[in-house]
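Q: So the protein lines, in turn, are chains A and B.
Sequential numbering of the first sequence, starting at 15, is according to our numbering.
Sequential numbering of the second sequence, starting at 15, is according to our numbering.
2 protein chains.
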Amino acid sequence: MARIQDVAKHAGVSVASVSRVLAGLPGVSDTTRERVMRSVDALGYRPDLAARRLRSRRTDTLGLIVSDIRNPFFMEVSRAVEDVAYANRLRVMLCNADEDPDKESFYLEMMRDENVAGVILSPTLPMLARYKSADYPFPMVLVDRCNSTVEADAVVLDNVDAAMRLTRHLIEAGQRKIAFFYGAGSATGQQRHDGYLAALAGAGLSPIAQALRPTVEEARVVARNFLERQKPLPDAIVASSGLILLGLVEALRDVGLRYPDDIALAGFDDMPWTRLVTPAITVVAQPTYEMGRAAIELLRARIQQPEQVVRRVVLRGELIVRESSSPRK
Amino acid sequence: MARIQDVAKHAGVSVASVSRVLAGLPGVSDTTRERVMRSVDALGYRPDLAARRLRSRRTDTLGLIVSDIRNPFFMEVSRAVEDVAYANRLRVMLCNADEDPDKESFYLEMMRDENVAGVILSPTLPMLARYKSADYPFPMVLVDRCNSTVEADAVVLDNVDAAMRLTRHLIEAGQRKIAFFYGAGSATGQQRHDGYLAALAGAGLSPIAQALRPTVEEARVVARNFLERQKPLPDAIVASSGLILLGLVEALRDVGLRYPDDIALAGFDDMPWTRLVTPAITVVAQPTYEMGRAAIELLRARIQQPEQVVRRVVLRGELIVRESSSPRK
DNA sequence: CTGTTAGCGCGTTCAC
DNA sequence: GTGAACGCGCTAACAG
């Protein structure tokens, strides 16, 4: 393994010059630069990252801590982050906190140990509640989950608005008793719950909210119980995420109920299956890729301008009306 | 940031003793160990990874290079790898090669630069064709994609067998003209193609194979063209992956064809939507999580026993017969 | 514009 | 069982 000294010797220059060329710093003559590049190629030299990091105390690595890697939403976000990172020759460490604050803390400490250049995080509720960017030795941007009291760079959907529009759509379609299944363990779930409540309040309707852990399995079990016990059935159910929506549809099958005839349905996340099933399902689509892209761009900006003013990107969900939300003629 | 010297001073011992305690090496008295641990806690000391790596030339980081991060199959694999890595306090760098050999090479070089302890890779075809484990300075295990000529630790499905069983099932269900849509750019696609051909040959039937890039969008477009041009239509179409299957179903919608009445359908990957759509779709389910788990276990074993004999884990797909594959009564 | 040199923080001899 | 000292490969400060 060739070292920087070997390159210097081969090129007949000092290690400092080699270092400068490699770092793309000014103050090197074209001839020197040329010779160095030639020697680098000749020797197949690759800088030792460990040494570089030890010395410079900096890294080209970003951390991405998502709360559920199985959620297609986060996959899409990850892909966007990956794409931009690759284009900029940045490494990214993807971690799955799995909605577990302990895992989340562990990974955050790992990021500290790794001396990462920055982190993109979708925080759990406890984490968000005590979040202060000053607690971390690296820039951080929040994605998907944030609230108005937390001062942090963030990229989020306008969840209250989206849930409100979705619920209103149901109301306008003639539904009265509208239930809401949501993940109470995240800021996003809570905000969508708020939007749901607001829409109901505006119409003088009373809520039937059901909190649960935001997984397909949990939603399926909870929904099954709900559907078997709740008499009379509500007119409609809204799911606060694509995963919950999926569990809900499975539960409907399990108990032999049909939508929208027996009960109307709507939810979040425009996953492929929501338009493939019959009847197709009304959802709010999130600009997932765009959210990931915005997050890493925000992070890169923050890394370059640490003192920059806090920025928040709020994106709007798109209501896609399909057949599941309205009674059939 | 406390350094090892600070701990040594605080504990009234030498840095060497601290290092020994931290590494869990023998040759340290219990009292010294005790004092060191206490000081570590008191100072909140965390070893500097960059320094440790520079000195030891080793890393606790694994690389995971998947060929398509959007494919639920690889998500599940990633999750398994994540889980095991977390349990063993290993870091993992997840990279998305996106079926692009250049990206793949870039990430492999990055792994070398990072001095990772090992890599899990789902190789592109060109990569697999020239693959020699000796070309890489780290242990590597292949996942999802491998062939019998390559000598490498690997975890794969028995693709030929699975495709054969799937195709035979179609034949037994009375289908005669059976088309096959597959990703020719991967070993997996090719092997499934082989299985398909074998099953047809066994029944004296002739193949209608269609190679394509293995994405939903591509499959949708190709299938749409195929369905509009191909007259008469085949009796059935088999998709070599979940993504292709999805595009196929969308194309069927696009051109207003119904399955299994107009054309039967079957494919790979037991994704949630395949049982949610009506009619539900016949598939071969892959033990995805298990494949990821096996891959990282293989890698860990190889890291600990570099000279161990090459091992290959071949898993069997599970045929799940649903309504899409048989003509309705 | 170029070269010399002093560490970055740790692991690991080798003495004691 | 313990400590002193060297060096992993590189960057940055400084001198020229």
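Glycine included, C-beta positions come from ideal geometry on N, C-alpha and C.
As the structure is a computational prediction, the values presented were derived from the model and not from experiment.
Whole angstroms are fine: how far does the CA of A:E332 sit from the CA of B:S220?
A: Rounded to the nearest angstrom, the two C-alpha atoms are 47 Å apart.
Q: Would you be able to state if there are at least three C-beta pairs under 8 Å between the stretch 310–320 of chain A and the stretch 132–150 of chain A?
A: Verdict: yes, contact present.
Q: At 7 Å on the CB atoms, spell out the chain B contacts of A:S92, in chain order.
A: Going along chain B in sequence order, the residues near A:S92 (Cβ under 7 Å) are I83.
Q: Tell me whether B:D167 sits in a helix, a strand or coil according to DSSP, three-state version.
A: Strand, per DSSP.
Q: Which first and last residues belong to the beta strand (DSSP E) in which B:T45 is found?
A: Segment D44 to L57 is the alpha helix (DSSP H) holding B:T45; no beta strand (DSSP E) there.
Q: List the residues of chain A whose Cβ lies closer than 9 Å to the Cβ of B:R238, in chain order.
A: Those within 9 Å of B:R238 in chain A number zero; the least Cβ separation is about 15 Å.
Q: Answer yes or no: do B:T229 and B:L247 have a C-beta to C-beta separation smaller than 8 Å?
A: Against a cut-off of 8 Å, the Cβ pair of B:L247 and B:T229 comes out as no contact.
Q: By DSSP, does A:N85 sit in helix, in strand, or in coil?
A: Coil at A:N85, not helix or strand.
Q: Span of the alpha helix (DSSP H) holding B:F195?
A: Taken as a continuous stretch (DSSP letters only), B:F195 belongs to no alpha helix (DSSP H), being part of the beta strand (DSSP E) at I192 to G197.
Q: Output, in sequence order along the chain, the residues in the stretch 47–81 of chain B whose CB is closer than 7 Å to any CB in chain A.
A: Residues passing the 7 Å Cβ filter: R60, L63, A64, A65, R67 and L68.
Q: Quick check: the Cα distance between A:G199 and A:N161, rounded to an integer number of angstroms?
A: Approximately 13 Å between the Cα atoms of the pair.
Q: Tell me which residues share the same chain as B:P115 and place their Cβ nearer than 8 Å to its Cβ, disregarding the 5 neighbours each side in the sequence.
A: Contacts found: T138, P140 and M141.
Q: Can you pull the chain B neighbours of A:G292, defined as C-beta to C-beta under 8 Å?
A: As written in the sequence, residue 292 of chain A is Thr, which differs from the Gly given in the question. Simply V291 and T292.
Q: Closer than 9 Å by beta-carbon distance: list the chain A residues that pair up with B:K117, in chain order.
A: The contacting residues are Y100.
Q: Using a Cβ cut-off of 8 Å (strictly closer), state whether B:G286 contacts chain A.
A: Here the sequence assigns Pro to residue 286 of chain B, which means Gly is not the residue at that position. Yes, B:P286 counts as interfacial toward chain A.
Q: Quick one: any contact between the stretch 82–94 of chain B and the stretch 295–303 of chain B, if contact means 3 or more CB pairs under 8 Å?
A: Yes: at least three Cβ pairs fall under 8 Å.
Q: From what residue to what residue does the alpha helix (DSSP H) around B:A22 run?
A: First-last of the alpha helix (DSSP H) with B:A22: I18 to A25.
Q: Specify, as a first and last residue, the run of the beta strand (DSSP E) that A:R105 falls within.
A: Note, A:R105: beta strand (DSSP E), R105 to N110.
Q: For A:F282, which residues does DSSP report across the bridge?
A: A:V298, per the DSSP bridge assignment.
Q: Counting contacts by CB-CB distance shorter than 8 Å, is B:E128 in contact with chain A?
A: Chain A contact via Cβ: present.
Q: According to DSSP, A:L247 sits in a beta bridge with which residue or residues?
A: The partner list for A:L247 (beta bridge, DSSP) is empty, contrary to what the question assumes.
Q: Using a Cβ-Cβ cut-off of 8 Å, state whether A:M89 counts as contacting chain B.
A: Chain B, which has a Cβ nearer than 8 Å to the Cβ of A:M89, makes this yes.
Q: Tell me the rounded alpha-carbon separation between A:A22 and A:L104.
A: So the two alpha carbons sit approximately 27 Å from each other.
Q: Helix, strand or coil for B:I277? Go by DSSP, reduced to three states.
A: Residue state, collapsed to three classes: coil.
Q: Assuming B:L68 and B:A16 make a contact with CB atoms under 8 Å, what is their CB distance in whole Å?
A: Actually they are not in contact, since the Cβ atoms of B:L68 and B:A16 sit about 19 Å apart, beyond 8 Å.
Q: Would you check if there are 3 or more beta carbon pairs closer than 8 Å linking the stretch 116–128 of chain B to the stretch 254–269 of chain B?
A: Contact between the stretch 116–128 of chain B and the stretch 254–269 of chain B is absent, because fewer than three Cβ pairs lie under 8 Å.
Q: Rounding to the nearest angstrom, what Cα-Cα distance links B:N85 and B:S136 in this structure?
A: Each residue's alpha carbon lies about 12 Å from the other.
Q: Going along chain A, which residues have a C-beta under 7 Å from B:M124?
A: The answer, in chain order, is R105.
Q: How would you write the range of the alpha helix (DSSP H) that A:E186 sits in, first residue to last?
A: Its alpha helix (DSSP H) spans residues N173 to E186.
Q: Any contact between the stretch 205–223 of chain A and the stretch 172–188 of chain A? By contact I mean 3 or more CB pairs, one from each, below 8 Å.
A: Yes, they touch.
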